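Residue numbers (the numbering used here): 12 to 201. Think of the CB as a built atom: it goes at the ideal place given N, C-alpha and C, for glycine as much as any other residue. Source: prediction; values computed, not measured. Input: a single structure, listed below in structure tokens.
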């Protein structure tokens, strides 16, 4: 037993010495290049510009950024890709927006797809868009999240578990679209 402890202690000592030697050698070699590094990293760390810059860079929504990365990865894993187009409501383009159709565009034609979109919209344009949709028979519901406008059930190609097909969500300053009301929850943009 004592012999086993000695071998174990000797092994642990050898590993510790190796680790110390490796760290010391790296530190000694890296020290000349390390001197400028703290100076360079201090200014980088002081201004919190990167977090501020990220939203500014993210000013242009893409099909890959308006929904969660995990959803994009799931679509990629099954061979789906996105086709982007301008965001429109009843044929009227909403500037600054994007509408994305996710599907397997390389496979046979099918109705298996998902739609996600986001656009900035002012109150007057939102009111006009809701009025046009409602005139076409779309259902309007208001709740804590905003105003939902859903296509008529009889024309819906696909619906969620509550019977909602293509749905717009009008929030203050933004509008979202998804192939179902439930899918609007996936839109993280805005």
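Asked                                                                                                                                                   : Found
Are the region 97-104 and the region 167-176 in contact at 8 Å, needing three or more beta carbon pairs?                                                : no
My output table needs one value for residue 92: the three-state DSSP class, helix, strand or coil.                                                      : strand
Under three-state DSSP, which class holds residue 126?                                                                                                  : strand
Going by alpha carbons, who is nearest to residue 137 out of 196, 197, 188 and 79?                                                                      : 188
Are the region 180-198 and the region 114-130 in contact at 8 Å, needing three or more beta carbon pairs?                                               : yes
Would you report the Cα separation of residue 181 and residue 166, rounded to the nearest angstrom?                                                     : 21 Å
Counting only the same chain and skipping the five closest in sequence on each side, list residues whose C-beta sits under 6 Å from that of residue 95. : 74, 109 and 111
Where does residue 61 fall in DSSP's three states?                                                                                                      : Any answer about residue 61 is weak, because its pLDDT of 44 lies below 50 and its placement is not dependable; what the coordinates show is given next. Three-state result, residue 61: helix.
If I measure Cβ to Cβ from residue 97 and keep anything under 6 Å in the same chain, skipping five residues before and after, which residues do I get?  : 104
Per DSSP, what are the beta-bridge partners of residue 78 in this structure?                                                                            : Answer is none; residue 78 lacks a bridge partner.
Between the Cα of residue 195 and those of 81, 183 and 159, spot the shortest distance and give me the residue it belongs to.                           : 159
Could you tell me the distance, in whole angstroms, from the CA atom of residue 93 to the CA atom of residue 199?                                       : 16 Å
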